[in-house]
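Quick mapping for you: the protein sequence lines, in order, are chains E and A.
Residue 62 in the numbering used here is what sits at position 62 of the first sequence, and the numbering runs on without skipping anything.
Residue 304 in the numbering used here is what sits at position 161 of the second sequence, and the numbering runs on without skipping anything.
A quick write-up on the structure given underneath.
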Amino acid sequence: MLGKLMAGLAGGLALAGAYVVHEGAIRIQVDQQSAKGLHRHLLVPAALVPAAMMFVPEATLREAATRARPWLPAVRAATEGLARQPDCDLLEVRSAQEHVHVAKRGALLVVEVESLRETVYVSVPLRTINGVAHRLESWSPAS
Amino acid sequence: MKLTTRSFSFAALVLLTAATGLSPIASAQAAQTERWLHVRVENQVAKGEMVRVNLPLSLAEKVLPAINKDRLHNGRITIHEAEMNGVNLRALLDALRTTRDGEFVTVQGTSGDVRVVKQAGYLLVHVRGNKDATNKRVEIRMPLTVVDALLSSGSNELDLVAALRALGAQGDTELVSVKDEKSTVRIWLDSKNTSE
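Here you go:
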């Protein structure tokens, strides 16, 4: 009996692990250049995003959804289209003070911003962005 | 019991394979046929300042119809004659499309020269500023099939998606080149996903 329970638990964990791997992770790194600067490195399983959205107040979600409404189908189309593309650099802006780089790497959208004050790195699975856009669309009134 | 464990393991393996194994194949297939629009802006004065954009045309084709805001609907942009200072842009483009090859506009002035030519399926615009004035050079090379595609929808609309499709059917080509003392701008089309 205990063996069956353990096997079930192990299988469940394996499935949960596979799901988390499948959904990918959101990585956020903020490094301020000053001596006492902020250094924040976050690695969040993207699978948690739908669950986290359930804790956002309904009014906030509805307002965000209404504002973003005209762009949500475009966001979904862009993420679906990008997922089928090879790795590529989509945008690069370089100036004396700043360097902004947006790229597709594997299943991730990567945004890097380097300035004199700080370095910010964000990578988000395209699937997650698509899912959030989908969810927001269901919250917003149809145009 | 063994069967249960195996079933779970198999399901997990299938999910992992789907997550990691299949997307590169799809990406490789897309890479073979994809056309890319590149934009590169370089500032000659402040060395190192630049903007680079690499956009897969198929992506733009999918995203544009999804934007329904202001004048943009279903990949088409509505044009109002009244807001074009009396110029009927559609009639102008249509006239250009149907007329024979030739040089339409030639301006030779003290500040520079302007030439607008229809030649071998392309609309060519050359602007050259005199060295004493701006020293600016502008070259625009627009395939006329793209103009055709733009005009393929309703009377007061320009079909941007059809134009993108027509652009995608072109070979590697430089569409716009602007050079002056301060900056260079290049817009071109090829099958590479980098702008180097």
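C-beta atoms are modelled at their ideal positions from N, C-alpha and C, and glycine is treated no differently.
- Assigned with DSSP and collapsed to three states, SER123(E) falls in strand.
- Within 8 Å of the CB of ILE210(A), the CB atoms of chain E belong to PRO70, TRP71, PRO73, ALA74, in sequence order along the chain.
- Membership of LYS205(A) in any beta strand (DSSP E) is not indicated; the residue belongs instead to the alpha helix (DSSP H) covering 200-206.
- Under the 8 Å criterion on CB atoms, VAL194(A) is classed as interfacial with respect to chain E.
- With a cut-off of 8 Å on Cβ pairs, the stretch 86-105 of chain E is in contact with the stretch 114-131 of chain E, counting three or more such pairs.
- Close to LEU90(E), with beta-carbon spacing below 8 Å, are these residues of chain A in chain order: VAL196, ASN197, LEU198.
- What PRO50(E) touches in chain A, judged by beta-carbon distance under 7 Å, is nothing: the nearest beta carbon there is about 17 Å away.
- Taken atom to atom, the span from the alpha-carbon of VAL188(A) to that of GLU324(A) is near 8 Å.
- Under the 8 Å criterion on CB atoms, GLY81(E) is classed as interfacial with respect to chain A.
- When secondary structure is reduced to three states using DSSP, VAL289(A) falls in the helix class.
- According to the DSSP assignment, PRO73(E) belongs to the alpha helix (DSSP H) that extends over 72-83.
- As summarised for the stretch 291-326 of chain A, the continuous alpha helix (DSSP H) elements at least 4 residues long and confined to that stretch are 303-311, given in chain order.
- Counting other Cβ atoms within 10 Å of its Cβ, GLY24(E) reaches 16 or more and is therefore classed as buried.
- By the neighbour-count criterion, in which 16 or more other beta carbons inside 10 Å mark a residue as buried, ARG40(E) falls on the exposed side.
- Within the DSSP secondary-structure output, TRP331(A) pairs in a beta bridge with HIS181(A), GLU317(A).
- Of all residues in the stretch 257-269 of chain A, none has a C-beta nearer than 9 Å to a C-beta of chain E.
- Among the CB atoms of chain E, none fall inside 8 Å of the CB of VAL304(A).
- Residue pairing from DSSP places GLY272(A) in a beta bridge opposite GLY255(A).
- For ASP87(E), there is no enclosing beta strand (DSSP E), as DSSP marks it with neither H nor E.
- In this structure, DSSP gives PRO45(E) an extended state, which the three-state scheme calls strand.
- For VAL110(E), no CB of chain A lies under 8 Å from its own CB, so it is not counted at the interface with that chain.
- For VAL206(A), the chain E residues whose Cβ falls inside 8 Å of its Cβ are ALA74, ALA77, ALA78, GLY81, in order along the chain.
- The count of Cβ pairs closer than 8 Å, one atom from the stretch 305-322 of chain A and one from the stretch 41-59 of chain E, stays below three, leaving the stretches out of contact.
- In this structure the stretch 63-73 of chain E lies against the stretch 132-139 of chain E, because at least three pairs of beta carbons, one per stretch, are closer than 8 Å.
- Under the DSSP assignment, GLU58(E) falls in the alpha helix (DSSP H) whose first and last residues are 58-68.
- VAL196(A) and HIS216(A) have their C-alpha atoms some 24 Å from each other.
- Taking a C-beta cut-off of 9 Å against chain A, none of the residues of the stretch 121-133 of chain E qualify.
- In the DSSP assignment, ALA238(A) falls outside any beta strand (DSSP E) and within the unbroken alpha helix (DSSP H) covering 232-241.
- Take VAL328(A), set aside five residues on each side of it, and the residues of its chain with a beta-carbon closer than 6 Å to its own are VAL184, VAL321, in chain order.
- For GLN32(E), the beta-bridge partners assigned by DSSP are GLU118(E).
- Within chain E, GLY81 have C-beta atoms less than 7 Å from the C-beta of SER201(A), given in sequence order.
- By alpha-carbon distance to GLU192(A), the top candidate from VAL93(E), GLY106(E), VAL110(E) is VAL93(E).
- In summary, HIS181(A) is buried, with 16 or more beta-carbon neighbours lying within 10 Å of its beta-carbon over all protein chains present.
- Against chain A, a Cβ distance below 9 Å from GLN33(E) picks out nothing, because the smallest value is about 19 Å.
- Residue-level contact by beta carbon holds for GLY191(A) and chain E, with a gap shorter than 8 Å.
- When DSSP reads this structure, THR249(A) sits in a beta bridge with ARG258(A).
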